[in-house]
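> Encoded as C-alpha cells, here's the structure I'll be asking about.
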Ligand SMILES: [Zn+2]
C-alpha cells in the first residue's frame, strides 16, 4: 500500500491559493517546485496510507491544524524564491545595474 506525505499533499493544494500565487514572481514548474521543496524542508512530514477515501478523510482532519503552518512556510519560501530565482532571465528588468560606477581609476 503506497504511503503519501500529507504535509506535501496539503502544501500542493495551498500553493494554488490565489494569495500565494500573488507572491510568486514566476509560475513555472521550476519555481513552484523550489517553493514547495523549501517549505517542506521546514515542516514535519505526516505520512498516511492511501486507502480509498481514507486519504481525503485524513486531509480534512489535518487541514485546520496544518494549514496555517504550511501557509506560513510557503509564504516565506515564495518570498525567498522571488528574490533568488534559480533560473536567470525572467525578471531582470527592475534590477539596478551596479557596473557603471566610474570606469577608470587613476
Ligand atoms: Zn520560474
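Residue numbers (the numbering used here): 1 to 106.
C-beta: ideal position from N, C-alpha, C; glycine also.
1. Over the uninterrupted alpha helix (DSSP H) stretch that includes residue 7, give me the two end residues.
2. Let me confirm a value: residue 7 is counted as buried when at least 16 other C-beta atoms fall within 10 Å, else exposed. Which label applies?
3. Nearest to residue 78 by CA position, among 88, 47, 44 and 35, is which residue?
4. Please confirm whether residue 80 and residue 10 have their CB atoms less than 8 angstroms apart.
5. Any idea what DSSP makes of residue 75, helix, strand or coil?
6. Are the CB atoms of residue 3 and residue 61 within a distance shorter than 8 angstroms?
7. According to the Cβ coordinates, are residue 24 and residue 75 closer than 8 angstroms?
8. Apply the 10 Å Cβ neighbour rule to residue 12 and answer buried if 16 or more other Cβ atoms are within range, or exposed otherwise.
Answer, in terms of the structure:
1. 6-14
2. When all chains shown are included, residue 7 counts as buried.
3. 35
4. no
5. In the structure shown, residue 75 adopts helical secondary structure according to DSSP, grouped into three states.
6. no
7. no
8. By the Cβ neighbour-count rule, residue 12 is exposed, with fewer than 16 other Cβ atoms within 10 Å of its own.
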